[in-house]
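In this note's numbering, the protein residues as written are 31 to 85.
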């Protein structure tokens, strides 16, 4: 299994931008479940429906 773990400071960087009004988007060609699993390690995501396909 190949794994590319998040950097330890990833959540701090994301929090910094969110707290300064930056809207974070994730653009990936990976499976949505894979992307959500990774994103949930860094930030809270309420649901797949609220995070998918929003401009």
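Glycine included, C-beta positions come from ideal geometry on N, C-alpha and C.
- Rounded to whole angstroms, the separation of the alpha carbons of residue 64 and residue 31 is 14 Å.
- Here residue 49 carries a helix assignment [DSSP, helix/strand/coil].
- Taking each of 47, 48 and 68 in turn and checking the Cα distance to residue 57, the smallest one comes out for 68.
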